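What follows is a set of notes on a single structure, which appears directly below.
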Amino acid sequence: RAPMSVAYAENQSMFLDSLAEDAAWLGRFAQNAAGQVIPWEVVEKHIRATHPYSVTSLRAMLAVPYFEKRLYELPEAELSVETLLRMAAEVERDIQGGPASRPLLSVPHILADEASCYYHGYVLAEMSVHQTRAHFLSVYGTIVDNPNVGRDLTQRYWRPGNGTPFLDLVKGLTGKSLAADAWVKALGEDLEHKLTSEKAEYEKAVAAGARVKLEDADLGMRVLIKDGDDVVCDSNDAGLGALCRKFSAWVEAKSRLRPRREGCGRLC
């Protein structure tokens, strides 16, 4: 919602999302209920299954604003269902190489008036995420559990808020104008090289463990999780760790109550 731009809002959330793809983060925080760290074999399998095809996500993101550009440049007299279907098919062919697994006209942002003409913000945000990550890795060598990263994000991205244009925020933190260079470099990284570097980060992460344990975490805020009017858990009761355990137990209890669909081997 205005005045916050999509690129600015998503720059923050997508940066945090990116951490969950890092072996350095997984080795510290991805644990099962017994406290066992996710095995490297699982991380490796995920990287092998996704990295060679990561450019398809970029193409899918680009297809939406390119379609919207053609749509809103179209004279109203030429607007018809047939024209929309043809344009969508042409954009999918030109940008994605053929029919998309998620058809363009199924993207909700295109259909909702409050979300139309802003999908390009996701593309700009993803560019900024890669540029920001590259900056931190160049300056500090690490991102996960690095207090310098949190300090810089707070001072350069979060504190200015909507008072500073998005492009100026990115340049202010990274020292460079927004560009796709870091994203393109990440897409082009050799698979085996990526696996080698990620395994090294994973092993260091497992050996080090989390810098801050969940029981000791203090966000400096009160966290309330509610189901409608009902309070599920409150961090004021016994801290963030207790809140997480209580919420996990609540979700598990709710899951057991959900009926299984016929022929479905999992909760559906």
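In the UniProt record's numbering, the protein residues as written are 1 to 268.
Even glycine gets a Cβ: it sits at the ideal position worked out from N, Cα and C.
Computed from a predicted structure; not experimentally measured.
- With contacts defined as CB atoms closer than 7 Å, V149 and F166 fail to qualify as a contacting pair.
- D230 carries a strand assignment under DSSP once its states are collapsed to helix, strand and coil.
- Assignment of L62 by DSSP, reduced to helix, strand and coil, places it in the helix class.
- Contact annotation: L104 and F67 have beta-carbon atoms nearer than 7 Å.
- Per DSSP, the unbroken alpha helix (DSSP H) holding C244 starts and ends at S235 to L257.
- Counting the other CB atoms within 10 Å of its CB gives N236 a total below 16, which places it among the exposed residues.
- In this structure, A7 sits near A125, with a CB-CB distance shorter than 7 Å.
- With a minimum length of 4 residues, the unbroken runs of alpha helix (DSSP H) contained wholly in the stretch 17 to 87 fall at 23 to 29, 40 to 50 and 54 to 73.
- Take the alpha-carbon of L195 and the one of A88: they are about 37 Å apart.
- As the crow flies, the alpha-carbon of L74 is around 10 Å from that of T83.
- In this structure L173 is not in contact with D190, their Cβ atoms being roughly 28 Å apart against a cut-off of 8 Å.
- Looking only at I225, Y72, A24 and V129, the smallest Cα-Cα distance to A180 is reached by V129.
- Taking 7 Å as the cut-off, the beta carbon of Y202 is found closer than this to the beta carbon of G27.
- If you draw a straight line from the Cα of S13 to the Cα of D234, it is about 23 Å long.
- In the three-state reduction of the DSSP assignment, I110 falls in the helix class.
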